[in-house]
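Reviewing the structure listed below.
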Amino acid sequence: MPTLTIPTPHMEAKVGDIAETVLLPGDPLRAKFIAENFLKDAVQFNAVRNIFGYTGTYNGKRVSVMGTGMGCPSIGIYSYELIHGYGCKNLIRIGSAGALNPDVKVKDLVFGMGSCTTSNYVKQFRLPGDYSCICSFELLEKAVAAAREKNLRFHVGNLLCSDMFYTPDMPQIGTSWSDMGVLAVEMESAALYSNAAAAGVNALCIVTISDSDITGEAMTAKERQESFTDMMEVALALA
1 MPTLTIPTPH
11 MEAKVGDIAE
21 TVLLPGDPLR
31 AKFIAENFLK
41 DAVQFNAVRN
51 IFGYTGTYNG
61 KRVSVMGTGM
71 GCPSIGIYSY
81 ELIHGYGCKN
91 LIRIGSAGAL
101 NPDVKVKDLV
111 FGMGSCTTSN
121 YVKQFRLPGD
131 YSCICSFELL
141 EKAVAAAREK
151 NLRFHVGNLL
161 CSDMFYTPDM
171 PQIGTSWSDM
181 GVLAVEMESA
191 ALYSNAAAAG
201 VNALCIVTIS
211 DSDITGEAMT
221 AKERQESFTD
231 MMEVALALA
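Reminder that position 84 of the sequence shown reads as 84 in the working numbering, one-by-one numbering, no gaps.
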């Protein structure tokens, strides 16, 4: 693995600026929203490429939040630098996802126990077989407890991490992801889970369902940016 110099090519933070627990929304404006509405004494540590990052406290515990952009390559860069350059130990992706299962409704939470993927990101590790991308059970257990305490509607299971947002409209051949029990589709979990596993740190993907391939329902962009407060509070409870 390459040796990182601090600051990195993508982050202007100094050593010690970032907490061991970091929330990772894809949208940098969602990071700004969390810092302004949930963190006490938040200090901005990054604005390179408009990827905003902040560190503050939540219920007396130090926590950071930083945007990652979209897709495996983008979160792959930021999660690698956070782990190997800044010593982050608990990386929690919070974002939106599309439902693939009829039992998963818009605004439900999904905790990604595993991440199936169409991406070649994991293949870059050159493993002698197919790697199963899974989350940290420690973080998952805490997230489930927090969701139950808040009486939230949630699901635990497999996510599909896709490289394509606009997928070709092609006839189905063989078994579908939904047939295999996959709950929802997003674009970052496989890279996060594999980077974390390779480094021996914790990762969890928590998503809110913003739209459904089953019902056709969808939230607005503003709702996706600012209304995922249940997901944010569950993630912050893991700090």
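Cβ atoms here follow ideal geometry from the backbone N, Cα and C, with glycine treated the same way.
| Item | Value |
| --- | --- |
| Alpha carbon to alpha carbon, what distance is there between Q44 and A184? | 32 Å |
| Evaluate S176 with the Cβ neighbour count: other Cβ atoms within 10 Å of its Cβ, from every protein chain shown; 16 or more gives buried, anything less gives exposed. | exposed |
| Taking only the alpha-carbon atoms, compute the straight-line gap between D41 and M170 and give it to the nearest angstrom. | 50 Å |
| Assuming F137 is part of the alpha helix (DSSP H), what are its boundary residues? | F137 to E149 |
| What did DSSP end up calling P25 once you bin it into helix, strand or coil? | strand |
| Write down every uninterrupted run of the alpha helix (DSSP H) in the segment 43-107 whose length is 4 residues or greater and which is fully enclosed by it, in chain order. | 72-86 |
| Thinking C-alpha only, which one of V182, L91 and Y58 is nearest T68? | L91 |
| Based on the DSSP output, what are the partners of N158 in its beta bridges? | G114 |
| How big is the Cα-Cα spacing for L139 and C116? | 19 Å |
| So which of G87, I209, G181 and N37 has the shortest CA-CA distance to T58? | Looking at the sequence provided, one finds Tyr at residue 58 rather than Thr. Residue N37 is the option with its Cα nearest to Y58. |
| Do V63 and L82 have their CB atoms nearer than 8 Å? | no |
| Please name the residue or residues paired with V207 in a DSSP beta bridge. | G95 and V110 |
| Assign I134 to one of three DSSP states: helix, strand, or coil. | strand |
| Would H84 and L23 qualify as a contact pair, given that the criterion is a beta-carbon distance under 8 Å? | no |
| Looking at the secondary structure, which residues open and close the beta strand (DSSP E) in which V185 lies? | A184 to E186 |
| Count the other C-beta atoms from every protein chain shown that fall within 10 angstroms of the C-beta of R148, then say buried if there are 16 or more, exposed otherwise. | exposed |
| Mind the definition here: the segment 94-107 touches the segment 209-220 only if three or more C-beta pairs lie below 8 Å; say whether that holds. | yes |
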